[in-house]
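Please read the structure below before turning to the comments.
There are 2 protein chains.
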Amino acid sequence: MLTRRRFIERAALAGGASLAYEAMTGLGLMAAPQAAAPFNLQGSGNGTKVVVIGAGLAGLTVAYELGKLGYAVQVLEARERPGGRAHTIRRGTVSEEDGPSQTCTFDEGQYFNCGAMRIPYHHTTTLGYCRELQVPVETFALVSEAAYLYQSKTPALKDRRVRFREVHTDMDGYVSELLSKAVADHALDEVLSPEDRERLLEYLRSKGALDSSGKYHGGALRGPDLAGPPEGTPRYTPLPLGELLGSRTPYYLDLGFQYQQTMVQVVGGTDQLPRALAARVGKKVTYRAAVQSIRQGERGVTVAYKDAHGAPHEVQGDYCVCAMPLPLLAQVDTDFPADFKATIAKVPYAAAGKMGLQFKRRFWEEDDQIFGGASKTDMEIGQIVYPSSGYLGKKGVLVGYYLQGQAGRPIGDKTPDERLALALEQGSRIHPQYRAEVESGFSVAWHRVTWNRGSWSNTNPAARRKLAEPQGRVYLAGDHLNMNAWMQGAFESARQTATAVHARAVAEQATARV
Amino acid sequence: MLTRRRFIERAALAGGASLAYEAMTGLGLMAAPQAAAPFNLQGSGNGTKVVVIGAGLAGLTVAYELGKLGYAVQVLEARERPGGRAHTIRRGTVSEEDGPSQTCTFDEGQYFNCGAMRIPYHHTTTLGYCRELQVPVETFALVSEAAYLYQSKTPALKDRRVRFREVHTDMDGYVSELLSKAVADHALDEVLSPEDRERLLEYLRSKGALDSSGKYHGGALRGPDLAGPPEGTPRYTPLPLGELLGSRTPYYLDLGFQYQQTMVQVVGGTDQLPRALAARVGKKVTYRAAVQSIRQGERGVTVAYKDAHGAPHEVQGDYCVCAMPLPLLAQVDTDFPADFKATIAKVPYAAAGKMGLQFKRRFWEEDDQIFGGASKTDMEIGQIVYPSSGYLGKKGVLVGYYLQGQAGRPIGDKTPDERLALALEQGSRIHPQYRAEVESGFSVAWHRVTWNRGSWSNTNPAARRKLAEPQGRVYLAGDHLNMNAWMQGAFESARQTATAVHARAVAEQATARV
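Taken in order, these protein sequences are the chains called L and V.
So for the first sequence, the working numbering puts the first residue at 1; every next one is plus one.
So for the second sequence, the working numbering puts the first residue at 1001; every next one is plus one.
Written out as structure tokens, the structure reads:
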């Protein structure tokens, strides 16, 4: 008979973290990952020693969860801070990149999140840790209808800033008008019941602000444009449909499920979350420990690292959890099989980057009525993200560019001064106030950050399955094993890895007792 | 020649507050009401005495602005607190209605705004006062796509809770599919250029998550329904179009310009705004002063009031600004002309009402992933508004019903206990957790509040013009003169009235000196 424990052992040994996690879930040892379900491993680690490499969210969470169970955990972190890409730039922050060094000169209290900055409402694991660690969150205002769209490369709407609300209202109006016409012309009678036909016409009139003959003339949701002539009068005249479609601005309005409302952010900066985790893990974290090699025998793992002064050290563990970014792990001397090493080396990493810009006053709020949200553009800066906190304050820091994926590489390859010049030049086309109000900037190019060498993995499912297989006594963890680029991926991977290590350790303890 | 001053005098005397305001604006004495433009009256009141009746936002703002100019202001307020409908219910708050008394038993730190609760981003005057008074604001999360729609009275979708994101995604899908079909069938060739035709088809495929043949099968934005079978699997199957249209749920998705993103709210409760104003006005406010009569001669106004003990008092002023709700002003003994009295008496008032419910835990966040936003229903409760602050905390207060306009009258006419029973019965159809988690409730029916007798005016333009005319030395102020129901209306009206009184006083001082 396949007993519970036997099943989990097999799963842990054969299928790695994911399968063990699924097995424990299926067997009711752990609640399924759903709303508010606590992660609640049972049993004891009995002092089993686990070396965790990396004090980012994944590594810290593994250490935190295994620590709860009585494991002896030691965390090695190359930086002198926890959090990895869950990082916040504040006064005095020093850049971690190659190339010219930057030191942040923002005012006290001003900051921006150079890495993870927002949490979808359905990332229940991330939110669960915020709750458990009493890290407060607040609304991340993803969309401001007052923010701008600015296209520089399309003949349509070229070099003209338009408000989200204008494009949004006009597209709703045109789509409603066109569908209304088709319905009224009986072009859709074969797919609409007479009752639905009438109801749809009524709905479209409302949705698209159509007149009684089904025409769109601009809706009140476009808003009065205080900046536009004639002065002080509402400007409801719609943009031409051809201009809208040709500019591709309507595509900016639609966002994926991860960006659905309501998003939240950590109060005071994302780094408060890893800091709270690190505080729970406590002195078990050794900072400025640069791992050189991971070697294992039948009964344990030896991890060698250099400290801040370059002096060599070694630590032993019964198991090792490796929560390093893969580009760095690829440089570590390991006895992993060649195909596993090849998998690690082949995972592509994105080169996202951001710049924070401090301004003397929050002109985007004062002059443009933009509170949170983002302006989008086809210029190199991609977007300007406005802060969702500190509204109406004296000064403010906005994100002058945020480029995702490979789009961040060209700008990140420039020097900090060149990046700043670009951000100011292009940003001032959207906000002419830029030049007069700017005080300082700080940029991060993740592919150039020494201890990351990439912003996030683009792991495919096959690579993910491969990487989730334990290599002897070494287990990997990180968002690259679960959900690339999101904190949720780090937390979920950490739980899966902690579950797998625990299942393995419990099984080996049982074997040892026999 | 019509001099500047003469023009303003005439405007002030003839056309009342609005016209004087417009005149000063037009003459460049005051900046036009636009983004971040400071309100900046010039000149001195030279100790001219102004009696202000009402320490709501309008009355306080008149006192604050005239106080800046050196007027000797006295404010009479019937309540023992400032703020009127800009009120927040907290532990210990006592109800102000007729009928059975309520005392709020929420935990310390828990609250809800029973009146004004949110500020549109384009209400620059309200936001300007928040900035000037250093009253912090935060995002009011108006929309949560995870919130529910629940129809009890339509055969379609009857007694079934669906998520906003489901209705939203399905309607976008169906509208895109239908329009795509009509376009592909060449039904709209006469109004679409060949280029726009192709671009529109491409856009609709993206917008509506259509397949390559233009069909909608449910989009990822519907989200996995964790509560629905089969357990743990995504449920992307769309709701039928006929059910959606028949239920009228799609109408809940569209909101007016006032509710466009981003909305904000006062940190810690709306009452922090009038409190900050009252602190600036200081000891010039006399609380528990119930005005009985307003009488005037050629040189001044006499206002009689009773104090907390019923003792009569009189105060004199050169001018009087009356910022009382009209239903109360109609009961005051005045020497206004009969037609003016008739106008005051005829303005209809709404009967909005709200109930705050404290729960042991924030199940809407923990179980349903709802952060802010509101669930909407055709049941008597109308909507459930979730808090936009205090996310992930232990307990929470949500608004168990918020009924606007006359819809609040039936529920407000019930006793507090009956209202609570109704809110729990209907609310628990949307949230089965209600019964197990509820701790206490507190309700406000504005048409029964002693010092309001209505939630807000529905003043029409003709009545507004009439009421803006000064009656001798008495000027009215309040949202009923500007923008019914919004704080912006109170602030704007206050500025207009302060401007008119100042223009008049300056003109009369000049005349006196001649």
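Every residue, glycine too, gets a C-beta built ideally from N, C-alpha and C.
Just so you know, these numbers come straight off a predicted model, no measurement behind them.
Taking a cut of 7 Å between CB atoms, which residues from the segment 1198-1218 of chain V lie near chain L?
Within the segment 1198-1218 of chain V, the residues whose Cβ lies closer than 7 Å to some Cβ of chain L are 1199, 1200, 1203, 1206 and 1207, listed in chain order.
Look at the Cβ atom of residue 1137 (chain V), then the Cβ atom of residue 1266 (chain V), and state whether they are nearer than 7 Å.
Reading the second sequence from its first residue, position 137 is the one you call residue 1137 (chain V). Reading the second sequence from its first residue, position 266 is the one you call residue 1266 (chain V). For residue 1137 (chain V) and residue 1266 (chain V), yes; Cβs fall inside 7 Å.
When the cut-off is 7 Å and only beta carbons count, does residue 372 (chain L) lie next to chain V?
The residue labelled residue 372 (chain L) in the question sits at position 372 within the first sequence. Judged by the 7 Å Cβ criterion, residue 372 (chain L) is in contact with chain V.
Let's see if you can read the secondary structure: which residues bound the alpha helix (DSSP H) around residue 495 (chain L)?
Taking the first sequence and counting its residues from 1, the one referred to as residue 495 (chain L) is at position 495. In the DSSP assignment, residue 495 (chain L) falls within the unbroken alpha helix (DSSP H) covering 487-513.
Show which residues of chain V have a CB atom less than 7 Å away from the CB atom of residue 131 (chain L).
Taking the first residue of the first sequence as position 1, residue 131 (chain L) is located at position 131. For residue 131 (chain L), the neighbours in chain V by C-beta distance under 7 Å run, in chain order, 1392.
Neighbourhood of residue 365 (chain L) by C-beta, 7 Å cutoff - its chain only, sequence neighbours within 5 removed:
On the first sequence, position 365 is the one that residue 365 (chain L) refers to. Closer than 7 Å at the Cβ level, and outside the excluded window around residue 365 (chain L), lie 371, 391 and 392.
Taking the continuous alpha helix (DSSP H) assigned at residue 1338 (chain V), which residues delimit it?
Numbered from its first residue, the second sequence carries residue 1338 (chain V) at position 338. For residue 1338 (chain V), the enclosing alpha helix (DSSP H) covers residues 1338-1346.
Checking 7 Å against the spacing of the C-beta atoms, do residue 1245 (chain V) and residue 196 (chain L) come in under that value?
Within the second sequence, residue 1245 (chain V) is the residue found at index 245, counting from 1. Within the first sequence, residue 196 (chain L) is the residue found at index 196, counting from 1. Yes, they are a contact pair.
If we count the other Cβ atoms within 10 Å of its Cβ and call it buried at 16 or more, is residue 194 (chain L) buried or exposed?
Taking the first sequence and counting its residues from 1, the one referred to as residue 194 (chain L) is at position 194. Its Cβ having fewer than 16 others within 10 Å, residue 194 (chain L) is exposed.
Classification of residue 989 (chain V) by the beta-carbon crowding that lies within 10 angstroms, buried from 16 upward
The question about residue 989 (chain V) has no answer here: the residues shown for chain V are numbered 1001 through 1514.
Grab the span of the beta strand (DSSP E) containing residue 1139 (chain V) for me, first residue to last.
Your numbering for residue 1139 (chain V) matches position 139 in the second sequence. In the DSSP assignment, residue 1139 (chain V) falls within the unbroken beta strand (DSSP E) covering 1137-1140.
Kindly indicate which three-state DSSP category residue 1031 (chain V) falls into: helix, strand or coil?
In the second sequence, the residue the question calls residue 1031 (chain V) occupies position 31. Unreliable positioning characterises residue 1031 (chain V) in this predicted model, as indicated by a pLDDT of 32, which lies under 50. The coordinate reading is nonetheless provided below. In the structure shown, the three-state DSSP call for residue 1031 (chain V) is coil.
Within the same chain, show all residues whose beta-carbon is closer than 6 Å to that of residue 1079 (chain V), passing over the 5 residues directly before and after it, in chain order.
Counting from one through the second sequence, the residue named residue 1079 (chain V) turns up at place 79. Cβ-Cβ distances below 6 Å link residue 1079 (chain V) to 1451 in the same chain, with the five nearest sequence neighbours on each side left out; the list follows chain order.
Whole runs of the alpha helix (DSSP H) within the segment 1052-1102 of chain V, excluding any shorter than 4 residues:
1057-1068, all fully within the segment 1052-1102 of chain V.
Would you say residue 1363 (chain V) and residue 1433 (chain V) are within 7 Å of each other, going by their C-beta atoms?
Working through the second sequence from its first residue, we reach residue 1363 (chain V) at position 363. Working through the second sequence from its first residue, we reach residue 1433 (chain V) at position 433. Yes, Cβ-Cβ distance for residue 1363 (chain V) and residue 1433 (chain V) is below 7 Å.
Checking the sheet assignment: what are the DSSP bridge partners for residue 483 (chain L)?
As a first step, residue 483 (chain L) must be located in the first sequence, where it is residue number 483. Residue 483 (chain L) pairs with nothing; no bridge assigned.
Going along the chain, which unbroken runs of the alpha helix (DSSP H) with 4 or more residues stay wholly within the segment 1399-1480 of chain V?
Listed in chain order, they are 1409-1412, 1416-1430, 1434-1437 and 1461-1467.
Just to confirm the assignment, what range does the beta strand (DSSP E) spanning residue 161 (chain L) have?
Position 161 of the first sequence, counted from the start, is the residue given in the question as residue 161 (chain L). According to the DSSP assignment, residue 161 (chain L) belongs to the beta strand (DSSP E) that extends over 160-163.
At a cut of 8 Å, does the segment 394-406 of chain L reach the segment 173-192 of chain L through at least three beta carbon pairs?
The answer is no - the segment 173-192 of chain L does not touch the segment 394-406 of chain L, with fewer than three Cβ pairs under 8 Å.
Residue burial classification, residue 1228 (chain V) (beta-carbon count within 10 angstroms, cutoff 16):
By 1-based counting over the second sequence, the position of residue 1228 (chain V) is 228. Per-residue confidence for residue 1228 (chain V) stands at a pLDDT of 45, beneath the threshold of 50, marking its modelled position as unreliable; the derived number appears in the next sentence. Exposed, by the Cβ-count rule.
So, for residue 102 (chain L): in the same chain, excluding its five sequence neighbours on each side, which residues have a beta-carbon less than 8 Å away from its beta-carbon?
Taking the first residue of the first sequence as position 1, residue 102 (chain L) is located at position 102. Once the five neighbours on either side are set aside, the close Cβ partners of residue 102 (chain L) are 94, 95, 416, 442 and 443.
Since residue 130 (chain L) is in the alpha helix (DSSP H), which residue starts that stretch and which ends it?
Residue mapping note: residue 130 (chain L) aligns to position 130 of the first sequence, counting from 1. Where residue 130 (chain L) is concerned, the enclosing alpha helix (DSSP H) stretches over 124-132.
Closer than 9 Å at the beta carbon, the chain V residues around residue 181 (chain L):
Here residue 181 (chain L) is taken as the residue at index 181 of the first sequence, counted from 1. Here the neighbours are 1182, 1187, 1188 and 1191.
I need the DSSP call for residue 1228 (chain V), collapsed to helix, strand or coil.
As a working mapping, residue 1228 (chain V) is identified with position 228 in the second sequence. Unreliable positioning characterises residue 1228 (chain V) in this predicted model, as indicated by a pLDDT of 45, which lies under 50. A coordinate reading is not provided.
Since residue 39 (chain L) meets chain V, which of its residues come closer than 8 Å, beta carbon to beta carbon?
Residue numbering aside, residue 39 (chain L) sits at position 39 when the first sequence is read from its first letter. The contacting residues do not exist; residue 39 (chain L) stays about 14 Å from chain V at best.
With burial defined as no fewer than 16 other Cβ atoms inside 10 Å of the residue's Cβ, what is the status of residue 307 (chain L): buried or exposed?
Translated into positions along the first sequence, residue 307 (chain L) becomes position 307. Label assigned to residue 307 (chain L): exposed.
Ranges of the beta strand (DSSP E) found wholly within the segment 1314-1400 of chain V, counting only runs of at least 3:
The segment 1314-1400 of chain V contains these whole beta strand (DSSP E) runs: 1319-1322, 1353-1359, 1374-1377 and 1383-1385.
For residue 1456 (chain V) and residue 1449 (chain V), I'd like the C-alpha separation in whole angstroms.
Stepping through the second sequence from its first residue, residue 1456 (chain V) is reached at position 456. Stepping through the second sequence from its first residue, residue 1449 (chain V) is reached at position 449. For residue 1456 (chain V) and residue 1449 (chain V), the distance between alpha carbons rounds to 12 Å.
Please classify residue 354 (chain L) as buried or exposed, where buried requires at least 16 other C-beta atoms within 10 Å of its C-beta.
Along the first sequence, one-based indexing puts residue 354 (chain L) at 354. Buried, by the Cβ-count rule.
Rounded to whole angstroms, what is the Cα-Cα separation between residue 1493 (chain V) and residue 160 (chain L)?
Translated into the one-based positions of the second sequence, residue 1493 (chain V) becomes position 493. Translated into the one-based positions of the first sequence, residue 160 (chain L) becomes position 160. Their backbone Cα atoms lie some 36 Å apart in a straight line.
Distance between residue 1481 (chain V) and residue 1086 (chain V) (C-alpha atoms, nearest Å):
Here residue 1086 (chain V) refers to the residue found at position 86 when the second sequence is read from its first residue. Here residue 1481 (chain V) refers to the residue found at position 481 when the second sequence is read from its first residue. Cα-Cα distance, rounded: 17 Å.
By the DSSP assignment, the alpha helix (DSSP H) with residue 1272 (chain V) in it spans what residues?
Position 272 of the second sequence, counted from the first residue, corresponds to residue 1272 (chain V). Membership of residue 1272 (chain V) in the alpha helix (DSSP H) is indicated by the continuous run 1272-1281.
Would you call residue 291 (chain L) buried or exposed, if buried means 16 or more other Cβ atoms sit within 10 Å of its Cβ?
The residue labelled residue 291 (chain L) in the question sits at position 291 within the first sequence. Under a 10 Å Cβ-count criterion, residue 291 (chain L) is classified as buried, with 16 or more other Cβ atoms of the shown protein chains found around its own Cβ.
Take the Cβ of residue 1230 (chain V) as the centre, count every other Cβ of all protein chains shown within 10 Å, and call the residue buried at 16 or more, exposed below.
In the second sequence, residue 1230 (chain V) corresponds to position 230, counting from 1. Because the pLDDT of residue 1230 (chain V) is 45, which lies under 50, any placement of that residue in the model is unreliable, and the question is left without a value.
Give a yes or no on whether the minimum CB-CB distance between residue 29 (chain L) and chain V is below 7 Å.
The residue given as residue 29 (chain L) occupies position 29 in the first sequence. Low confidence applies here, because residue 29 (chain L) scores a pLDDT of 35, under 50, leaving its location unreliable; read the following figure in that light. The beta carbon of residue 29 (chain L) does not come within 7 Å of any beta carbon belonging to chain V, so the residue lies off that interface.
C-alpha gap between residue 325 (chain L) and residue 1223 (chain V), whole angstroms
On the first sequence, residue 325 (chain L) is found 325 positions in, with the first residue counted as 1. On the second sequence, residue 1223 (chain V) is found 223 positions in, with the first residue counted as 1. Cα to Cα, the separation comes out at about 30 Å.
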